[in-house]
Amino acid sequence: MSRKTCEHIEASRLGGMLMAAKIGRNEPCPCRSGKKYKHCHGWIAPEPARQTLPPRLAKAVAEASAKAMAKEAQRVAQQGLGRPIISAEIGERRVVAVRNKLYYIKGKTFHDFLGDYLRDVLDPEWGNAELKKPLSDRHPILQWYDSICNLQRRSGLTGDSVVQVEANGASSAWLRLAYDLYALDHNTELQKKLVGRLKNPDMFPGARYETYVAAAMIRAGFDLVFEDEDDRSTTHCEFVATCKTSGNMYSVEAKHRNRSDATGTLKFRLGKRLQGALRKQAAHPRIVFLDVGAPDDQRDDTLPGFMRQALNDLRRFEGRDLNGHPLPAAYVFLTNMPSDRDLEGAVRRTVILAEGFQIPDFKLDAGFPSLREAYAAMRAHQDIHDLARSLRDHSEVPSTFDGEAPELAFSTNEARLTIGSWYEVQVGPEGETAPAKLLQGIVSEPERSATCIFQLQDGRQVVVGAPLSAAELQAYRRHPTTFFERIDPSAKQTIETPFKTFMWLLDAHKNATRAQLLANMAGSPDFDRLERLTDRDLLEEYAERMTWTICAQTSKSKPETP
3 MSRKTCEHIE ASRLGGMLMA AKIGRNEPCP CRSGKKYKHC HGWIAPEPAR
53 QTLPPRLAKA VAEASAKAMA KEAQRVAQQG LGRPIISAEI GERRVVAVRN
103 KLYYIKGKTF HDFLGDYLRD VLDPEWGNAE LKKPLSDRHP ILQWYDSICN
153 LQRRSGLTGD SVVQVEANGA SSAWLRLAYD LYALDHNTEL QKKLVGRLKN
203 PDMFPGARYE TYVAAAMIRA GFDLVFEDED DRSTTHCEFV ATCKTSGNMY
253 SVEAKHRNRS DATGTLKFRL GKRLQGALRK QAAHPRIVFL DVGAPDDQRD
303 DTLPGFMRQA LNDLRRFEGR DLNGHPLPAA YVFLTNMPSD RDLEGAVRRT
353 VILAEGFQIP DFKLDAGFPS LREAYAAMRA HQDIHDLARS LRDHSEVPST
403 FDGEAPELAF STNEARLTIG SWYEVQVGPE GETAPAKLLQ GIVSEPERSA
453 TCIFQLQDGR QVVVGAPLSA AELQAYRRHP TTFFERIDPS AKQTIETPFK
503 TFMWLLDAHK NATRAQLLAN MAGSPDFDRL ERLTDRDLLE EYAERMTWTI
553 CAQTSKSKPE TP
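Start counting the sequence shown at 3; every next residue gets the next number (our numbering).
Laid out in C-alpha cells, this is it:
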C-alpha cells in the first residue's frame with residue numbers, strides 16, 4: 003500500500019478547523035497494515051551521514067572537474083551553442099551521429115565527415131548526373147567540387163595523413179554549406195523542400211542563404227521552428243527562433259540578393275528586399291538578414307565603402323509607410339560573403355553589420371549620456387548582441403570533433419602544457435631536473451614562450467620558462483582562455499575602452515556585498531541617495547565611478563605628446 007493512501011487519516015473538528023489527529027508512534031498505523039505507526043508510515047528515514055572524501059581524492063576530483071569544464075568551454079567556443087558533435091572512434095573508422103542516423107567514415111577530420119555528409123544529403127545519383135555535364139553547365143555545388151579536386155591534386159593530398167592546406171573559395175563554400183546543413187539536421191530538421199531548392203540552380207542562392215542564417219542562429223543558442231510553407235492563408239517569416247538563454251521569441255526572415263538584379267556594385271536594392279521582409283506577418287520581434295552580395299578583395303579589417311552605403315540606404319527607409327502603415331521595427335543584419343565569387347582564389351572575408359531599424363538604442367553609432375545607460379541598452383537587446391558575437395566567433399568550420407585545436411590534435415610530437423600534469427623541469431644550475439606538477443602558466447606571444455609555475459614533490463615551487471612551437475602558439479591564439487586546459491578568463495584580455503572597463507568592474511565586484519560597496523563610496527556628497535539605490539543600481543553606480551577614476555588616472559600617467 004502506498005504512502006498516499008494514508009492521507010485520509012482521522013480528523014477532529016476544533017473551532018471550525020479540520021486538524022489531523024495526532025498518532026502515537028506505538029499506535030497501530032491508520033493504513034490498517036497491522037504494524038505500529040513507527041514501523042510503517044510513521045517511520046522517518048535517518049538522514050544519511052555526509053561522507054567526506056579524503057583530501058587527496060577530493061583534490062583529484064576538483065582537478066578533473068576543472069579540466070572537464072575547460073574542455074567543454076573550448077568546445078562551445080569552437081562549435082557554438084547547438085548540440086555538440088557526437089562521434090567515437092571504432093577500430094579504424096569513426097562513427098558520427100546526426101540526430102537519429104549514424105555515419106561511418108574513414109577520414110580523420112570533421113571536414114572529411116562533412117564531405118561524405120553533403121554527398122549523402124544531396125544524393126550521390128544526382129551528383130553523378132551533374133558530373134556528366136560540361137563544367138559550365140553543372141550545378142554550382144558540383145563546380146565547387148571540381149575546384150576542390152583540383153586543389154587536392156595540386157597539394158598532393160592522398161588521404162593517408164592530415165595535412166594543412168590553404169583553402170580556396172570553392173572549398174570554403176563547400177564546407178560552409180555542409181556544416182550549415184549538418185547543423186540543421188542535427189539540431190532541428192532538414193526539410194526535403196529546402197534540399198530540393200538547393201539542388202535547383204535558380205533557387206540555390208536564396209536557399210543557400212536561408213540555410214546559412216538558420217544554422218548561424220542555432221550555433222548562437224536559438225531553437226528554431228520553421229513556418230509551414232504550404233500555408234497560403236497568410237504571409238509568414240522563414241522561422242521562429244527562441245533564445246535558449248532568455249526564452250524570448252523572434253520572427254526571422256532572410257533575403258538574398260539576386261545578382262542578376264544588379265547593374266553595378268553599388269546598387270543593392272536593399273529597400274525592396276527590406277520592405278518585402280517587413281511586409282510579412284510576424285508574431286514576435288523581427289530579425290531580418292539582408293545579403294549585400296558585393297565583390298570584396300580587401301584583406302584588412304576596414305569597413306568597405308559598399309557596406310557603408312548599404313547602411314545609409316537602410317537608414318533612409320526609417321520613418322516610411324508601407325500600405326499606409328509605418329514600417330515595423332526590426333533587428334537587421336547586413337551580410338556580405340563573397341567567397342564563392344572566386345573559386346580558385348583565396349577565401350574572401352565575411353563582413354556583417356548589425357543595425358536596429360527604427361530601434362534608436364541599437365545603432366552602430368548610438369551615443370549614450372552615461373555608461374550605465376549604455377549598459378541598460380545592451381541588456382535590453384542582449385539576445386541580439388549575443389547573436390552578433392556568435393556570428394563573429396563561430397564563423398569557422400571546425401576540423402576536429404571535440405573542440406581540440408587542430409594544431410595539437412593532429413600533431414604527433416606536441417606535448418601539451420596542461421595544468422595538473424607532471425613534467426621533468428630543470429631545477430639546478432648544472433641542468434639537474436626533477437618531476438614537477440604544472441600549477442599555472444602565462445603565454446608571451448612576442449617571446450614565443452610560456453612562463454610556468456611548477457610544484458616539486460617536496461612542495462617547493464619553481465618558475466620555469468617553456469619555449470612554444472609554432473603549432474602551440476597558433477593553438478593559443480585560437481583558444482587563449484583554455485590553452486592550459488583550465489579556464490582563465492583574463493588570458494589575452496584587453497580593456498581599451500571605458501565601456502569595457504565598466505563591464506570588467508561589474509564582473510570583478512559582482513560578489514561584493516552592499517555594505518562593502520557603500521563603504522567604498524563613503525564620504526560621497528550624495529551618500530544619502532546611494533543608500534536608497536537597489537543592490538543592482540548600487541553596483542552599476544560604483545562601477546561607473548571607478549571607471550572614470552581609472553580613466554582619469556590613466557590619462558594623467560601618459561606622457562604628453564610633443
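For glycine and all other residues, C-beta sits at the position ideal for the given N, C-alpha and C.
Nothing here was measured: the structure is a model prediction, and the numbers come from that model.
query	result
Extent of the continuous alpha helix (DSSP H) to which A217 belongs	206-221
Endpoints, alpha helix (DSSP H) assigned at C151	142-157
Which listed residue (I386, S413, R547) has its alpha carbon closest to that of S526	R547
Alpha-carbon spacing of T111 relative to L441, whole angstroms	32 Å
Buried versus exposed, by CB contacts within 10 Å (16 or more), E449	exposed
Contact belief for E409 with A477 at Cβ below 8 Å, rounded distance in angstroms	5 Å
Cα-Cα separation, D118 to I107	8 Å
Residue burial classification, A22 (beta-carbon count within 10 angstroms, cutoff 16)	Annotation note: pLDDT 44 at A22 (below 50); position unreliable, coordinate value reported separately. When all chains shown are included, A22 counts as exposed.
The stretch 329-337 / the stretch 151-171 touching (three or more Cβ pairs under 8 Å)	no
Of the listed residues A411, R394, H396, nearest to T402 (C-alpha basis)	A411
Cβ-Cβ separation, A545 to F501 (assumed contact under 8 Å), whole Å	Wrong, their Cβ atoms sit about 11 Å apart, outside the cutoff.
Whole-angstrom distance between T483 and A79, CA atom to CA atom	10 Å
Sheet register partners of T244 (DSSP bridge)	D225, M251
Best match in L192, D204, L389, M309 for proximity to V227 [C-alpha to C-alpha]	L192
Beta-carbon contacts of T453 that lie in its chain and below 6 Å, excluding the five residues immediately before and after	I444, G467
Burial state of P491 (16 or more Cβ within 10 Å)	exposed
Close Cβ partners of L268 (< 7 Å) along its chain, the five nearest in sequence each way excluded	Residue confidence is low: L268 scores 44 on pLDDT, short of 50, so the model does not pin down where it sits. Its coordinate-derived value is still stated next. Hits under 7 Å: F308, Q311.
Runs of beta strand (DSSP E) lying entirely within the stretch 457-539, each at least 3 residues, in chain order	463-469
Touch test, the stretch 89-97 against the stretch 64-73, Cβ-Cβ under 8 Å, three pairs minimum	no
Local Cβ density within 10 Å of D263, reported as buried at 16 or more and exposed below that	Since pLDDT at D263 reaches only 48, below the 50 mark, its modelled position is unreliable, and no value is offered.
For H327: DSSP bridge partner residues	L324
heavy atom of the ligand COA below 7 Å from F241 C-beta	Summarising the ligand content, the structure contains no ligands, and the ligand COA is consequently not present.
Closest residue to A169 among L183, Q154, L179, Y181 (Cα-Cα distance)	Q154
Backbone CA spacing between P203 and P142 [nearest angstrom]	7 Å
Range of the contiguous alpha helix (DSSP H) that encloses K195	194-201
Same chain only: Cβ atoms within 6 Å of G422, ignoring 5 sequence neighbours per side	E65
Beta-carbon proximity list for G273, same chain, < 7 Å, skipping 5 on both sides	D315, F319
Member of L83, E447, P340 whose CA lies at the smallest distance from the CA of R350	P340
M548 - DSSP class collapsed to helix/strand/coil	helix
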